[in-house]
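Below is one structure, written out as structure tokens; comments come after it.
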Amino acid sequence: MLKGKTAVVTGGTRGIGFAVAKKYLDAGANVAIAGSRQETVEKALSQLTEYGDRVMGIWPDLCSPDAVAEAFGSVRERYGSFDILANNAGISSRTSIYDYTLDEFTKIMDINVKAVFVCSQAAARLMREQGGGAIINASSMVSEYGQPSGCGYPASKFAVDGMTKSLARELAKDHIRVNAVAPGVTKTDMVAALPREMVERISAGIPLGRPGEPEEVADAYLYLASDASSYVTGIVLRVDGAARN
Ligand code: NAD
Numbered sequence: 001m002l003k004g005k006t007a008v009v010t011g012g013t014r015g016i017g018f019a020v021a022k023k024y025l026d027a028g029a030n031v032a033i034a035g036s037r038q039e040t041v042e043k044a045l046s047q048l049t050e051y052g053d054r055v056m057g058i059w060p061d062l063c064s065p066d067a068v069a070e071a072f073g074s075v076r077e078r079y080g081s082f083d084i085l086a087n088n089a090g091i092s093s094r095t096s097i098y099d100y101t102l103d104e105f106t107k108i109m110d111i112n113v114k115a116v117f118v119c120s121q122a123a124a125r126l127m128r129e130q131g132g133g134a135i136i137n138a139s140s141m142v143s144e145y146g147q148p149s150g151c152g153y154p155a156s157k158f159a160v161d162g163m164t165k166s167l168a169r170e171l172a173k174d175h176i177r178v179n180a181v182a183p184g185v186t187k188t189d190m191v192a193a194l195p196r197e198m199v200e201r202i203s204a205g206i207p208l209g210r211p212g213e214p215e216e217v218a219d220a221y222l223y224l225a226s227d228a229s230s231y232v233t234g235i236v237l238r239v240d241g242a243a244r245n
């Protein structure tokens, strides 16, 4: 589905991002995994040696326009095109409003929102030059109803939905599609960090009766990156077993 295309997956070192990178590689794409540190990127690459030169690593500061532009440029130079950006990197929070520090709020907005803006801008510039592309953002099921603690996290995902719908309209003329994937509870480190009772309580309320697998979320990223979704832009695709928190 992606033969000959080039993709960057931010936060591709583990969890959903790693599953997306693997899915894209299996679909024939060249993939650059963008992580926060060289060490974690190299660890991820060591698990993808079967793909040879079709996978590489980058670790720019995702909130730095210059660093991101340089890193994305190096990806295009290596593979000859820049077709897909999966803005997957993100962090969560469940701190009470009474304890929330401005630093924590800023940190979550930086990686969950500012980095999506910075990376989308750099990617859009490259995609426009070559005549189009696809951007897929990481939303969350909490972007519909919020959540009862850690307000910065749902606020950041509401922002992601807003940016997705707006950029879809702005970039359509340049043949760049922009969509988001909104996972429900998915079995990754992010969820492993939550108290077990919380995960059980949430899982009990999922009509499909279980948390999602990273590969199931990655399937949505594959669909939205491929020509199978050529007339789809500006949507938030919910991959949550019909969960409503
Ligand atoms: P995870 O914690 O397992 O992985 C997050 C990834 O983001 C890691 O690779 C991490 O290195 C990267 N990252 C974090 N900060 C970064 C930074 N400053 N620079 C570069 N990379 C950075 O999380 P996950 O569960 O795989 O979540 C991936 C995305 O999906 C996130 O945006 C998250 O909000 C969203 N999501 C996850 C779930 C879930 O249940 N797991 C549900 C809804 C939405």
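Residue numbers for the sequence shown follow the numbering used here, so the first one is 1 and each next one is one higher. Idealized CB from N, CA, C, for every residue including glycine.
{"Check": "Please state whether DSSP places R169 in a helix, a strand or coil.", "Outcome": "helix"}
{"Check": "Roughly how many angstroms lie between the CA atoms of R196 and R76, to the nearest whole one?", "Outcome": "42 angstroms"}
{"Check": "Contact between the region 203-214 and the region 170-182 is defined here as three or more beta-carbon pairs at a separation below 8 angstroms; is this criterion met?", "Outcome": "no"}
{"Check": "Based on Cα-Cα distance, which residue from D240, D189 and V217 lies nearest to P207?", "Outcome": "D240"}
{"Check": "So, at 8 angstroms on beta carbons, what are the nonlocal neighbours of R37 in its own chain, with the 5 sequence-adjacent residues on each side left out?", "Outcome": "W59"}
{"Check": "Taking 8 angstroms as the cut-off, decide whether the C-beta atoms of L2 and A29 are in contact.", "Outcome": "yes"}
{"Check": "Here's the rule: buried if 16 or more other CB atoms are within 10 angstroms of the residue's CB, otherwise exposed. What is D161?", "Outcome": "buried"}
{"Check": "Should Y153 be labelled buried (16 or more other beta-carbon atoms within 10 Å of its own) or exposed?", "Outcome": "buried"}
{"Check": "Would you call the CB atoms of V68 and L25 closer than 8 angstroms?", "Outcome": "no"}
{"Check": "Output the distance between the C-alpha atoms of S96 and C151, rounded to the nearest integer angstrom.", "Outcome": "8 angstroms"}
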